[in-house]
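In what follows, a structure is listed as structure tokens, so that the remarks can point back to it.
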Amino acid sequence: MSDVFDRVKKIVIEHLDADAEKVVENASFIDDLGADSLDTVELVMAFEEEFGVEIPDDAAEKIQTVGDAVKFISANAG
Amino acid sequence: MFDLTGKKALVTGATGGIGGAIARALHAAGAQVALSGTRQEALDALSAQLPGSVALACNLSDPAETDGLIGRAEEALGGLDILVANAGITKDGLLLRMKDEDFERVLDVNLGSYFRLARAASKGMMKRRLGRIIAITSVVGVTGNPGQANYAASKAGMIGFTKSIAQELASRGITANCIAPGFIVSPMTDALNEAQKEAITKSIPAARLGQPDDIAAAVVYLASDQASYVTGQTLHVNGGMAMI
Chain A
2 MSDVFDRVKK IVIEHLDADA EKVVENASFI DDLGADSLDT VELVMAFEEE FGVEIPDDAA
62 EKIQTVGDAV KFISANAG
Chain B
2 MFDLTGKKAL VTGATGGIGG AIARALHAAG AQVALSGTRQ EALDALSAQL PGSVALACNL
62 SDPAETDGLI GRAEEALGGL DILVANAGIT KDGLLLRMKD EDFERVLDVN LGSYFRLARA
122 ASKGMMKRRL GRIIAITSVV GVTGNPGQAN YAASKAGMIG FTKSIAQELA SRGITANCIA
182 PGFIVSPMTD ALNEAQKEAI TKSIPAARLG QPDDIAAAVV YLASDQASYV TGQTLHVNGG
242 MAMI
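Listed in order, the protein sequences are those of chains A and B.
Here the numbering used here is used: the first residue of the first sequence is 2, the next is one more, and so on.
Here the numbering used here is used: the first residue of the second sequence is 2, the next is one more, and so on.
Here you go:
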């Protein structure tokens, strides 16, 4: 598992109070991890802060799973 | 009665009659206060009377400056728990004579700046799971007033805006409410002649104009921990002139 995945996982666990074993690559924030729409906005803000990356609104809308977030951050973080 | 010790508050329009009273009342309740307005000298004079306060001059008709104000307040105070969006302008005129710029400017300063301030402030408040957003609107936003279509529209807009964000932010420990003053003693009402004042007073069951402190007391209540279950509301402080 990548360093990015581990850091994303840590943020998701902290923020959503989710079980660590449920935070897997294809887990959906809303369907599997109990996030509401505001949580997803907060998660994106937390990712931006952690990785120093800007996630535009149209990209943020497509980030629905843990894997989506890892993929975007890996491709865009400096 | 309401203790705001350790809370950090930003008041816009702090050099006005109502804004100044709000800043003093929050300070008296223990809050650390950031004062915003356009007149640096007046801000500094008020700040000198309120130990621990900071003066942050800002032109709220400038979107970029407005966006940056919350960050400046958070930096100066070490966070922001209470936003009081009090600044507002009027450009009165009857509909047929109202210019585009009179309409747009009033909407932009009164409603647009509130949107920008609330958006920026809610970010930090969401992280801390605590916040109080308080907008000073007006009785005319609910009743209407001839000659003030632009002002009334901006104030009604603030109420609808507040109800929406109250629903979005409630689960994060953030409340958003409006206070709607009626006729309050201010430079604006000082300009009225005796006959006008008498006519206004007749329409108020309390038979007097309100004082800025009447509004400030409502702000302190809504800012307090005790008001944590009150959100999306408009508290009318008007001596009974409109009961809604």
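In this text, a Cβ means the ideal position worked out from N, Cα and C, and glycines have one as well.
Residue environment: B/R209 is assigned as exposed (fewer than 16 neighbouring CB atoms within 10 Å of its CB, all protein chains considered). The beta strand (DSSP E) runs lying completely inside the stretch 83–140 of chain B and spanning 3 residues or more are 83–86, 132–137, given in chain order. Boundaries of the alpha helix (DSSP H) harbouring B/S165: 150–170, taken from the DSSP string. Using a Cβ-Cβ cut-off of 8 Å, B/M126 is close to nothing in chain A; its nearest Cβ partner there is about 12 Å away. Secondary structure of B/G211 (DSSP, three-state): strand.
Taking the C-beta atoms as reference points, B/V143 is found nearer than 9 Å to B/I245. For A/L44, the closest Cβ of chain B is not nearer than 9 Å.
Annotation for B/P182: the continuous beta strand (DSSP E) segment containing it runs 175–182.
Sixteen is the threshold: since fewer than 16 other Cβ atoms of the shown chains lie within 10 Å of the Cβ of B/K100, the residue is exposed.
Between B/G183 and B/G211 the beta-carbon gap is near 6 Å, inside 8 Å, which marks them as a contact. Interface criterion met: the Cβ of B/R173 is under 9 Å from a Cβ in chain A. At the C-beta level, B/A22 and B/A217 come within 9 Å of one another. Secondary structure note for B/L36: it is in no alpha helix (DSSP H), and the uninterrupted beta strand (DSSP E) holding it is 33–38. Interface flag for A/L39 against chain B is set, since a Cβ pair is found closer than 9 Å. Neighbours of B/E169 in chain A, taken as residues at a C-beta separation under 7 Å, are given in chain order as L39.
Under the three-state reduction of DSSP output, B/K9 falls in the strand class. The stretch 190–205 of chain B makes no contact with the stretch 136–155 of chain B: fewer than 3 CB pairs, one atom from each, lie closer than 8 Å. Taking a cut-off of 8 Å for Cβ pairs, the stretch 126–140 of chain B and the stretch 75–90 of chain B touch, as three or more such pairs fall below it. Looking only at A/D4, A/S3, A/D40, A/D32, the smallest Cα-Cα distance to A/V13 is reached by A/D40.
Under DSSP, B/H237 takes part in a beta bridge, and its partners are B/A181. Straight-line measurement puts the Cα of B/A150 at about 22 Å from the Cα of B/D191. Assignment of beta-bridge partners to A/T66 by DSSP yields A/S29. Per DSSP, A/V5 is one residue of the alpha helix (DSSP H) stretching across 4–17. Residue state for B/V55 is assigned as strand, using DSSP reduced to three classes.
The beta carbons of B/V221 and B/A26 sit about 5 Å from each other, so the pair counts as a contact at 8 Å. When the beta-carbon positions are compared, B/A30 and B/A207 stay at least 9 Å from each other.
DSSP places B/D4 in the coil class of the three-state scheme, outside both helix and strand. Going by beta carbons, B/A65 and B/S37 fall outside the 9 Å limit.
Short of 8 Å from the beta carbon of B/M127, and not among the five residues preceding or following it, lie these beta carbons of its own chain, in chain order: L170, R173, I175.
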